[in-house]
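Student: One structure, pasted below without further comment.
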Amino acid sequence: MIDLTHLTLTFPDGDGVVTAVDDVSLTVAAGTAAGITGPSGSGKSSLLALASTLIAPDTGTVSIDGVDATGLDLAARTELRRSRIGLVFQQANLLPSLTAVEQLQVMNELTTSRSRRPARAAVRTRAMDLLDAVGLAEHAGKRPAQLSGGQRQRVNVARALMNDPAVLVVDEPTSALDRERSAQIIDLILELTARYDTATLLVTHETRILPRMDSAWQMVDGRLGAMTPAQLADVAA
Ligand SMILES: Nc1ncnc2c1ncn2[C@@H]1O[C@H](COP(=O)(O)OP(=O)(O)OP(=O)(O)O)[C@@H](O)[C@H]1O
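Next up, the structure:
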């Protein structure tokens, strides 16, 4: 589970500061997904950067399964992120020369210290299982150029799950895809959230999908508020 408490983040802005995240608290339990939407510049990406421990808040805490990341030094925080958090960004950012299965295998080599690294065969088995879970088992040997946009995004999602993360942080996974493929990726992320028991935090402009999330939130000027049933009915229409 991920527990965000009273997070605030400011950036210098001329003589003053801009408050990107303003006293945000949010808990997402394992096996559930929280959807966050909001206008451009409202602080969604900043909040995801805090939740992923990529940046430290001015105030507040980020706890992953009870471990407070804000209390850790840089090395320990990096290790926590690598071992406990899966990240899915808008663009798949796959390595052009690697096949789908290699994209996943290399994650393990990049992010796990040598002494704790599982045997190569076990890594390959997990990579193949994940490709199967995202419907790409038959495409394991293909390079990114041989895959469609939707398939590349599926590899991206599978890769984020490679290290068995407690938390899955997803930033607008569908912006490069058409409506039908977007819906499929969101369905897949919800299915994987339950199957791999991740606490999933997903930012999207696709408000239609919010009613299907376990909780739905809106950011406005850095503040996070629960969407009301009326707002959810509105976006679903
Ligand atoms: N590195 C930075 N330096 C200064 N200001 C920043 C920085 N990053 C974000 N901001 C400001 O913080 C606020 C929130 O930005 P953020 O990118 O989190 O919004 P967003 O909701 O993700 O927007 P979008 O939907 O357009 O991606 C904005 O006012 C933005 O200008």
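For any residue, its number in the numbering used here is found by taking its place in the sequence shown, counting from 1, and adding 1040. Where is the CB? At the ideal position from N, CA and C, for every residue including glycine.
1) Does L1112 come out as helix, strand or coil in the three-state DSSP assignment?
2) Pull up the distance between the alpha-carbon of T1099 and that of L1049, whole angstroms please.
3) Check whether the Cβ atoms of V1260 and E1212 sit closer than 7 angstroms, and answer yes or no.
4) Would you grab the beta carbon distance between A1132 and N1196 for me? Rounded to a whole angstrom, and I think it's under 8 angstroms.
5) May I have the straight-line CA-CA distance separating A1070 from D1237, to the nearest angstrom?
6) Applying the 10 Å Cβ sphere with the 16-neighbour rule, what's the burial state of S1188?
7) Does the pairing of the segment 1176–1186 with the segment 1110–1126 give three or more beta-carbon distances under 8 angstroms?
8) Tell me, please, whether the segment 1130–1148 touches the segment 1174–1184 by the rule of three or more beta-carbon pairs shorter than 8 angstroms.
9) Taking a contact to mean a Cβ-Cβ separation below 7 angstroms, would you say S1092 touches L1127 in this structure?
10) In whole angstroms, what is the alpha-carbon distance linking R1194 and R1166?
11) Using a Cβ-Cβ cutoff of less than 6 angstroms, which residues in the same chain neighbour T1240 once the five nearest sequence positions on both sides are dropped?
12) So, for I1225: in the same chain, excluding its five sequence neighbours on each side, which residues have a beta-carbon less than 6 angstroms away from its beta-carbon?
13) Using C-beta distances below 6 angstroms, list every residue in its chain close to V1107, excluding the 5 sequence neighbours before and after it, in chain order.
14) Do F1129 and ligand 1 come close, with the Cβ less than 6 angstroms from some heavy atom?
15) If you draw a straight line from the alpha carbon of L1190 to that of F1129, how long is it in whole angstroms?
16) Could you check which residue in L1120, P1052, V1068 has the C-alpha nearest to that of I1042?
17) Got a sec: does ligand 1 put a non-hydrogen atom nearer than 6 angstroms to the Cβ of A1096?
18) Taking the alpha-carbon of L1264 as reference, which of N1203, G1054, T1077 has the nearest alpha-carbon?
19) What does the alpha-carbon distance come out to for the pair E1220 and I1249?
20) By how many angstroms is the C-alpha of G1054 removed from the C-alpha of Q1145?
21) DSSP three-state label for L1047, please.
22) Can V1061 and L1087 be called in contact, C-beta distance under 7 angstroms?
23) Less than 6 angstroms between the CB of S1086 and some heavy atom of ligand 1, yes or no?
Tutor: The structure says:
1) The residue labelled residue 1112 in the question sits at position 72 within the sequence shown. L1112: coil per DSSP, three-state reduction.
2) Along the sequence shown, read from residue 1 onward, the residue named residue 1099 stands at position 59. Along the sequence shown, read from residue 1 onward, the residue named residue 1049 stands at position 9. Those two C-alpha atoms are separated by around 7 angstroms.
3) For this step, residue 1260 is matched to residue 220 along the sequence shown. For this step, residue 1212 is matched to residue 172 along the sequence shown. Contact: no.
4) Within the sequence shown, numbered from 1, the residue matching residue 1132 stands at position 92. Within the sequence shown, numbered from 1, the residue matching residue 1196 stands at position 156. Sure, about 4 angstroms apart at Cβ, within 8 angstroms.
5) Numbered from 1 along the sequence shown, position 30 holds the residue referred to as residue 1070. Numbered from 1 along the sequence shown, position 197 holds the residue referred to as residue 1237. The straight-line gap from Cα to Cα measures roughly 5 angstroms.
6) Translated into positions along the sequence shown, residue 1188 becomes position 148. It is exposed - the Cβ of S1188 has fewer than 16 other Cβ atoms within 10 Å.
7) no
8) yes
9) Looking up residue 1092 in the sequence shown gives position 52. Looking up residue 1127 in the sequence shown gives position 87. For S1092 and L1127, yes; Cβs fall inside 7 angstroms.
10) By one-based count along the sequence shown, residue 1194 stands at place 154. By one-based count along the sequence shown, residue 1166 stands at place 126. Near 15 angstroms, if we compare the C-alpha coordinates of R1166 and R1194.
11) As a first step, residue 1240 is located in the sequence shown; it is residue number 200 there, counting from the start. Result list for T1240: A1073, L1208, T1233, in chain order.
12) Here residue 1225 is taken as the residue at index 185 of the sequence shown, counted from 1. Once the five neighbours on either side are set aside, the close Cβ partners of I1225 are Q1193, P1213, T1214.
13) Here residue 1107 is taken as the residue at index 67 of the sequence shown, counted from 1. Here the set comprises nothing.
14) In the sequence shown, the residue the question calls residue 1129 occupies position 89. No - ligand 1 has no heavy atom lying nearer than 6 angstroms to the Cβ of F1129.
15) By one-based count along the sequence shown, residue 1190 stands at place 150. By one-based count along the sequence shown, residue 1129 stands at place 89. Note on residue identity: the sequence assigns Gly, not Leu, to residue 1190. Distance between the alpha carbons of G1190 and F1129: 14 angstroms.
16) As a working note, residue 1042 is residue 2 in the sequence shown. With distances taken between Cα atoms, I1042 lies closest to V1068.
17) On the sequence shown, position 56 is the one that residue 1096 refers to. The answer is no for A1096.
18) Counting from one through the sequence shown, the residue named residue 1264 turns up at place 224. Answer by Cα proximity: T1077.
19) For the purposes of this step, residue 1220 is taken as the residue at position 180 of the sequence shown. For the purposes of this step, residue 1249 is taken as the residue at position 209 of the sequence shown. Their backbone Cα atoms lie some 12 angstroms apart in a straight line.
20) As a working mapping, residue 1145 is identified with position 105 in the sequence shown. As a working mapping, residue 1054 is identified with position 14 in the sequence shown. Roughly 45 angstroms between the two C-alpha positions.
21) Counting from one through the sequence shown, the residue named residue 1047 turns up at place 7. Strand at L1047.
22) If you number the sequence shown from 1, residue 1061 lands on position 21. If you number the sequence shown from 1, residue 1087 lands on position 47. Yes, the pair counts as a contact, with Cβ atoms nearer than the cut-off.
23) Locating residue 1086 in the sequence shown gives position 46, where the first residue counts as 1. For ligand 1, at least one heavy atom lies less than 6 angstroms from the Cβ of S1086.
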